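Read through the structure below, which is laid out as structure tokens, and then see the notes.
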Amino acid sequence: MRVSANFDGGNIEVVSLENKDDIQLAIRADEGGEFYQWFNFRFEGAIGCQYTLNIVNAAGASYPAGWENYQAVASYDRQNWFRLPTEYKDGKLTISVELDCESIQIAYFAPYSYERHQDLLANVQMHPMVSLEHLGLTLDGRDMTLVKVGDENPNKRNIWITARQHPGETMAEWLVEGLLDRLLDSDDATSKALLDKANFYIVPNMNPDGSARGHLRTNAVGANLNREWQTPSLARSPEVYYVVNKMKETGVDLFYDVHGDEGLPYVFLAGCEGIPSYDERLAKLQKQFVDALLLVTPDFQTQYGYDKDEPGKANLTVGSNWVAETFFCLSNTLEMPFKDNDDMPEPIAGWSPERSMYLGEVSLTAMLAVVDSLR
Numbered sequence: 565m566r567v568s569a570n571f572d573g574g575n576i577e578v579v580s581l582e583n584k585d586d587i588q589l590a591i592r593a594d595e596g597g598e599f600y601q602w603f604n605f606r607f608e609g610a611i612g613c614q615y616t617l618n619i620v621n622a623a624g625a626s627y628p629a630g631w632e633n634y635q636a637v638a639s640y641d642r643q644n645w646f647r648l649p650t651e652y653k654d655g656k657l658t659i660s661v662e663l664d665c666e667s668i669q670i671a672y673f674a675p676y677s678y679e680r681h682q683d684l685l686a687n688v689q690m691h692p693m694v695s696l697e698h699l700g701l702t703l704d705g706r707d708m709t710l711v712k713v714g715d716e717n718p719n720k721r722n723i724w725i726t727a728r729q730h731p732g733e734t735m736a737e738w739l740v741e742g743l744l745d746r747l748l749d750s751d752d753a754t755s756k757a758l759l760d761k762a763n764f765y766i767v768p769n770m771n772p773d774g775s776a777r778g779h780l781r782t783n784a785v786g787a788n789l790n791r792e793w794q795t796p797s798l799a800r801s802p803e804v805y806y807v808v809n810k811m812k813e814t815g816v817d818l819f820y821d822v823h824g825d826e827g828l829p830y831v832f833l834a835g836c837e838g839i840p841s842y843d844e845r846l847a848k849l850q851k852q853f854v855d856a857l858l859l860v861t862p863d864f865q866t867q868y869g870y871d872k873d874e875p876g877k878a879n880l881t882v883g884s885n886w887v888a889e890t891f892f893c894l895s896n897t898l899e900m901p902f903k904d905n906d907d908m909p910e911p912i913a914g915w916s917p918e919r920s921m922y923l924g925e926v927s928l929t930a931m932l933a934v935v936d937s938l939r
């Protein structure tokens, strides 16, 4: 038996490998020690043998409710991901696996590697409407890259999309990949209509350092980037600092910040009803956008989600709130589940990269529904 997490996005520590029926593992905390829940490791054993893996520090994770009715994801080829029998009991997360091959990768959600991120950037730059802008370097020296789609005509609306402020929420970059695939499809009428009316500014990975380090929520120095938007700094949160400055240069008419939620088994939006300047115009835009999403995909719903902030009480350190207040624009946080979507369950894969990508595709239809009303 062997366990390894010595690769991009890997996270696990071995406590004991002495008993195949009680392999004991622990999740390594993010930098700063406040958060942990993301795991991603390779397990090697004998074909046909049954193994029981216990994550012994699961009770202390950032969101213990996230373990309830949760199943770990796994893949033999790192392309096709499926769910493993998983149980949370007595403070331990127990994963059962019978090996069909000698090596299997097991993770909290299907990883989106830094190498795939680089492939995404390389592929989209081949399109004539795409240019890549280097915004700056992270604290670990990785590139912060902005994907610009459009001609930057100032008369067009400016749509900003960010993903993976919290690096363990890999479904967010899967969504961006699907969105870009459709946006750059010259045969897609929705995309063509949108690009006639809007410029897109997309940051597929807001937190490259945390992603490579195997963090759940923080960057290289332990900063939760989605609490840095009011006063970002080069010393603590250069990722947000660069994006904020670029937003001030371009302006923002619609902001779509893509995330994953550990506990809630649903797809939902968190709007900006609590910002000081929220008014009838923004409320009307929000309803228009929500209604469009409801129409284009049954994966999206409005019954379950976060409580709305009271008027004037929004936390302006949060990205979607800060952007809405600063640019007086339609601004949302989109949340997808780490678990399955209880409204549309899929027992083999649960919520998956494919469903995330499709949600990215149909998000463009909702954007087209509101684009003429954004100014």
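Residue numbers (the numbering used here): 565 to 939. We treat Cβ as the ideally placed atom computed from N, Cα and C, and that holds for glycine. Owing to the predicted nature of the structure, the values given are computational and were not obtained by experimental measurement.
Member of the options whose CA lies at the smallest distance from the CA of residue i
i, options, result
"N618", "N722, Q588, V711 and E741", "Q588"
"A834", "D745, G883, Y634 and N633", "G883"
"P768", "Y830, L685, D863 and L898", "L685"
"S520", "I912, V578 and R845", "Because residue 520 is not part of the residues shown, which for the chain are 565 to 939, the question remains open."
"D843", "F892, E899 and I723", "F892"
"N583", "E598, M565 and L710", "M565"
"N771", "T866, D751, L701 and C836", "L701"
"M931", "T782, A776, L858 and K877", "L858"
Residues sharing a beta bridge with residue i, DSSP
i, result
"L617", "I587 and I659"
"Q794", "Q794 pairs with nothing; no bridge assigned."
"L701", "D707"
"K761", "DSSP output for K761 lists no bridge partner at all."
"F607", "V567 and I668"
Cβ shell of residue i (< 6 Å), same chain only, five flanking positions each side left out
i, result
"T929", "T754 and V860"
"A593", "Y600"
"L739", "V822, S920, L923 and G924"
"V926", "V860 and T861"
"Q614", "E662"
"Q689", "L696"
Three-state class that DSSP yields for residue i in the structure shown
i, result
"W631", "helix"
"D707", "strand"
"S667", "strand"
"P901", "strand"
"D825", "strand"
"H941", "Any property of residue 941 remains undetermined from this structure, which presents the chain solely from 565 to 939."
"V882", "coil"
"A674", "coil"
"T866", "coil"
Close-in-space but distant-in-sequence residues of the same chain around residue i (CB under 8 Å, 5 per side omitted)
i, result
"P759", "The question names Pro, yet the displayed sequence has Leu at residue 759. So the qualifying residues of the chain are M693, V713, G714 and L747."
"L648", "Q635, A636, V637, A638, I659, S660, V661 and I670"
"A622", "I591, P628, W631, Y652, G655, K656 and L657"
"L524", "Any answer about residue 524 is impossible in this case: the structure gives the chain only from 565 up to 939."
"I611", "L663, D664, C665 and E666"
"L894", "D817, L818, F819, L846, L849, Q850, F853, A888, V934 and L938"
"Y868", "L828, Y830 and F832"
"L703", "D773, N783, A784, V785 and P802"
Neighbourhood of residue i by C-beta, 7 Å cutoff - its chain only, sequence neighbours within 5 removed
i, result
"G827", "Y627, A629 and G630"
"E577", "L589, A590 and R592"
"T814", "N722 and Y765"
"V804", "L789, E792, W793 and P796"
Nearest-angstrom Cβ-Cβ length linking residue i and residue j, presumed shorter than 8 Å
i, j, result
"R721", "K761", "6 Å"
"G778", "G596", "14 Å between Cβ atoms; not a contact."
"A933", "Q852", "6 Å"
"G732", "W602", "3 Å"
"P917", "A674", "5 Å"
Residue-chain proximity (residue i, chain D), Cβ-Cβ < 8 Å
i, result
"I912", "Considering every chain present, this structure includes no chain D. It has just one protein chain."
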